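**Student:** Have a look at this one.
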Amino acid sequence: MPATPQPRPTILSIEPYVGGESKLPGVNRIVKLSSNEGAFGPPPGARAAMAEAAAEMHRYPDGSATALREAIGKRFGLDPARIICGNGSDELIGQLVLSYGGEGTELVMSAHGFIMYDLAGRYAGCRVIKVPERDLQPDVDAMIAAVGPRTRLVFLANPNNPTGAMLPASEVERLRAGLPADVLLVLDAAYAEYVTRDDYDAGAKLVDAGTNTVMTRTFSKIFGMGGARLGWAYAPAPVADVLNRVRGPFNVNAPAMAAGIAALAEPAWVERSVAHNTEWRGRLSETLRGLGIKVHPSEGNFILADFGTPARAKAADAAMRQRGLIARAVAGYGLPHCLRITIGTAEECGMVGDALAAGFARAD
Ligand code: PMP
């Protein structure tokens with residue numbers, strides 16, 4: 001056999017990422033509740049701006065994303081020079097890990113933290129340390145204790161996907177205070193807008209308070225723009241400099257940038273989406289609890305339903321699929337007894353409740 005090119009060994013330990021399903025064989029009306037996309041899609045202005053920008057697609061985009069960074073900075077009160085835009089926040093997460101991690105280093109995350117940290121860590125060759133949680137809540141003391149001399153990165157999704165767990169600002173500060181100054185803390189605030197608790201902070205203050213904290217954000221959730229692939233990071237100047245060195249020259253496409261700027265100009269859309277999410281996250285959680293299903297407290301635009309056993313979760317999934325409802329199995333996160341269900345429209349939430357009322361009874 002002739003030799004074939006081989007990747008670094010850790011690459012083959014990565015399972016390709018499979019996104020939430022969007023089709024079911026033989027079912028016409030699908031309700032996709034598997035990827036935490038905003039219930040209402042993008043603001044109308046964002047659609048229009050994207051279409052207009054697409055007409056100019058023979059031109060390269062502004063490689064510095066200047067107008068978008070300024071719009072983000074204005075909206076959130078942040079320094080645009082320290083905002084870096086990416087092809088989804090996933091891209092920025094990957095670049096942070098490749099830049100600060102690598103062979104011989106360690107990356108610390110909580111046991112059920114967002115899967116991208118694990119994938120990116122392995123891609124970079126890091127040893128990924130998953131720290132046990134307490135009832136699906138990240139354990140700050142255990143995370144600090146897991147940090148060793150080889151640790152270069154600590155990741156915290158706040159709120160976390162798929163658990164919905166949120167750490168209060170005081171706990172995040174305690175985590176940061178417990179880290180050596182040369183360890184980068186990445187606060188992934190993809191779901192920040194959905195949080196209703198008032199002891200929350202997405203992380204910008206911590207970014208400004210030192211040099212070892214980065215916050216990542218996305219247009220994929222509250223702005224309903226997952227298909228546009230648009231995310232951003234807010235970083236201390238030295239980290240922003242690193243990201244600017246490693247990102248692709250034109251890593252954000254022009255239609256996505258135009259849509260992002262337009263979306264930021266429609267705060268009423270966001271307010272309505274948040275109000276809807278708060279109402280229906282509560283109502284759906286209560287409905288499921290009424291059926292005897294454990295629902296973890298969530299600060300995101302999804303809930304994690306715990307059916308007790310993998311068989312019961314499978315039965316619930318089947319009952320939903322029969323009605324075209326696609327939830328997200330989270331066995332890959334070590335939660336085979338759970339399903340993650342995105343908060344959809346009022347009608348869609350009603351359909352989930354009905355399907356589980358029927359299906360869950362049958363599973364018993
Ligand atoms: N972080 C978290 C916690 C997420 O759940 C997601 C989306 N699944 C992302 C980041 C990635 O978002 P984006 O679409 O911006 O790459």
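Heads up, the sequence shown is in this note's numbering, so the first residue is 1 and it goes up one at a time. Quick reminder that beta carbons are idealized off the backbone N, C-alpha and C, glycines included. On a predicted model such as this, the values are computed, not experimentally measured, just so you know.
1. Does Glu-106 come out as helix, strand or coil in the three-state DSSP assignment?
2. Along the chain, where does the alpha helix (DSSP H) containing Thr-287 start, and where does it finish?
3. What's the call for Ser-285, buried or exposed, on a 16-neighbour Cβ count within 10 Å?
4. At a cut-off of 6 Å, would you count Gly-224 as near the ligand PMP, judging by its Cβ distance to the nearest heavy atom?
5. Under the assumption that Arg-281 contacts Pro-162 (Cβ atoms under 8 Å), give the Cβ distance between them as a whole number of angstroms.
6. May I have the straight-line CA-CA distance separating Gly-324 from Gly-308, to the nearest angstrom?
7. How is Arg-362 classed by DSSP in three states: helix, strand or coil?
8. Buried or exposed: which applies to Asp-241, given that a residue is buried once 16 or more other Cβ atoms fall within 10 Å of its Cβ?
9. Any heavy atom of the ligand PMP inside 6 Å of the beta-carbon of Gly-231?
10. Is the segment 236–252 close to the segment 23–30, with three or more CB pairs under 8 Å?
11. Of all the alpha helix (DSSP H) runs that stay within the bounds of the segment 188–234, which reach a length of 4 or more residues?
12. List the endpoints of the continuous alpha helix (DSSP H) containing Gln-120.
13. Is Arg-82 near Ser-13, with beta carbons less than 7 Å apart?
14. Which residues in the same chain have their Cβ closer than 8 Å to the Cβ of Ser-89, if we skip the five residues on either side of it in sequence?
15. Of the choices Arg-328, Val-330, Ala-316, whose alpha-carbon is the least far from that of Ala-355?
16. Counting C-beta neighbours from all protein chains within 10 Å, is the total for Gln-322 16 or more, i.e. buried, or is it exposed?
17. With burial defined as no fewer than 16 other Cβ atoms inside 10 Å of the residue's Cβ, what is the status of Gln-95: buried or exposed?
18. Kindly examine the ligand PMP and report whether one of its heavy atoms sits closer than 6 Å to the Cβ of Gly-227.
19. Starting from the C-beta of Arg-362, find all residues in its chain whose C-beta is less than 8 Å away, skip the five residues before and the five after it, and write them out in chain order.
20. Are the CB atoms of Asn-87 and Arg-174 nearer to each other than 7 Å?
21. Anything with a beta carbon under 5 Å from a heavy atom of the ligand PMP counts; list them all in chain order.
22. Less than 7 Å between C-beta atoms, sequence neighbours within five positions excluded: which residues of the same chain meet that for Arg-69?
23. For Ala-367, I'd like the list of residues in its chain whose CB is within less than 7 Å of its CB, leaving aside the five on either flank, ordered along the chain.
**Tutor:** Once the coordinates are examined:
1. strand
2. 267–290
3. buried
4. Here the distance from the Cβ of Gly-224 to the nearest heavy atom of the ligand PMP is not below 6 Å.
5. Not a contact, Cβ separation roughly 14 Å.
6. Straight-line Cα distance between these residues: approximately 23 Å.
7. Reliability of the predicted coordinates at Arg-362 is poor, the pLDDT of 48 falling under 50, and the value obtained from them is presented with this limitation in mind. In the structure shown, the three-state DSSP call for Arg-362 is helix.
8. exposed
9. yes
10. In short, these stretches do not touch, since the Cβ pair count stays below three.
11. 204–208
12. Position check: residue 120 holds Ala in this sequence, whereas Gln was assumed. Per DSSP, Ala-120 belongs to the alpha helix (DSSP H) from 115–124.
13. no
14. Asp-188, Ala-190, Thr-216, Arg-217, Thr-218, Ser-220, Gly-231, Trp-232, Ala-233
15. Ala-316
16. exposed
17. buried
18. Flag unset: Cβ of Gly-227 not near the ligand PMP.
19. Any reading at Arg-362 is ruled out, since the residue's pLDDT is 48, under 50, leaving its predicted position unreliable.
20. No; because the gap between Cβ atoms is not below 7 Å, this pair is not in contact.
21. Gly-88, Ser-89, Asp-90, Phe-114, Ala-157, Asn-161, Asp-188, Ala-190, Thr-218, Ser-220, Gly-231
22. Pro-80, Ile-83, Cys-85
23. Residue 367 falls outside the range modelled here, since the chain spans only 1 to 364, and no answer is possible.
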